[in-house]
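In the UniProt record's numbering, the protein residues as written are 1 to 321.
Don't be surprised by glycine CBs; every beta carbon is placed ideally from N, CA and C.
Only a predicted model underlies this, so the values are computations on that prediction, with no experimental measurement involved.
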């Protein structure tokens, strides 16, 4: 029999996709998530649900979507930042290579949209109508656009060695970090059975900025960050984090910090010099701590203005430096 006899059937039949294939494409993502972080998304969602009372099946899917996006962004971030460690182990792209990791991370985004369609179906079923206030895929698209725009600014400033102002930095963070937090909040608001008309987006914007500036501060000083990400990794990456932005603008004639940033130091000596400058000369670490305390108070006040939430207050206490 000719080897071409069943060629037509082969060409028109669906392609095979095995569990082994799925495991392979997911490997970089699975590697990252096998060493979980602090699960901020899950804790935040459960606390917010004391307000919104999202049905359990929808809540589980929202947590899944938001967690996948948060972890997925870490895969991309580690490549774009040239990171060495994530959660105390080698970054995924050092284990699996950049092409495999990029493909896996892109695949996760598509799976998120598949879950968004499932969430829309649950929303429609719970309402007994195809009419929903806002489509989950629209919320996700808008949040991802914001996150990528923020990341683009962060990368551009780094690569051009162009220090932003504090206001520019905060605007960037509201997109880069806030975009992902807003996806969680807006999906929960869309699925809420209580407080449907309550706009909690301003609160989550505050949380996004608090979370990022806290991360910036701890990156330079915290021993736990050293063991999980490396010592003062933001300096190695050439990143203009909040304390670094303040240090550079505090004395425009003293170029010590930006000169060190330009070199992207990998050894501790130059990093310690920059940190000493920020601690003793520009007082940028003290200033950053004051800003964090101010934002913390704003977040706490916003929770109270929205009626209080004991579980959210506990999360805010976890954020306190």
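Between residue 331 and the rest of its own chain, which residues show a CB-CB distance below 6 Å, the 5 nearest in sequence each way excluded?
In the structure as shown, the chain begins at 1 and stops at 321. Residue 331 is therefore absent and cannot be evaluated.
Per DSSP, what kind of secondary structure is residue 90 in: helix, strand or coil?
strand
Is the number of C-beta pairs between the segment 40–51 and the segment 181–189 that are closer than 8 Å three or more?
yes
Skipping 5 residues on each side, what residues in its chain have a beta carbon closer than 8 Å to that of residue 302?
202, 203, 206
Do residue 92 and residue 75 count as a contact pair if the criterion is CB distance below 9 Å?
yes
Measure from the alpha carbon of residue 198 to the alpha carbon of each residue in 12, 282, 49, 211, then state which is nearest.
49
What does residue 85 pair with, by DSSP beta-bridge criteria?
90
I need the DSSP call for residue 201, collapsed to helix, strand or coil.
helix
Please state whether DSSP places residue 306 in a helix, a strand or coil.
coil
Below 8 Å, can you find three or more Cβ-Cβ pairs linking the segment 303–318 to the segment 17–30?
no
Taking the beta carbon of residue 72 as the centre, do at least 16 other beta carbons fall within 10 Å, making it buried, or is it exposed?
buried
Check whether residue 124 and residue 112 have beta carbons under 9 Å apart
no
When we look at the beta-carbon of residue 263 and count the other beta-carbons within 10 Å, is it buried (16 or more) or exposed?
exposed
Close Cβ partners of residue 261 (< 6 Å) along its chain, the five nearest in sequence each way excluded:
238
Using C-beta distances below 6 Å, list every residue in its chain close to residue 65, excluding the 5 sequence neighbours before and after it, in chain order.
112, 115
How would you write the range of the alpha helix (DSSP H) that residue 179 sits in, first residue to last?
178–191
Helix, strand or coil at residue 70 according to DSSP, with G and I counted as helix:
helix
So which of 249, 268, 287, 102 has the shortest CA-CA distance to residue 162?
249
Bounding residues of the alpha helix (DSSP H) (the contiguous stretch that carries residue 19):
19–33
Using DSSP with H/G/I as helix, E/B as strand and the rest coil, what is residue 241?
coil
I'd like to know whether the C-beta atoms of residue 177 and residue 208 end up nearer to each other than 9 Å.
yes
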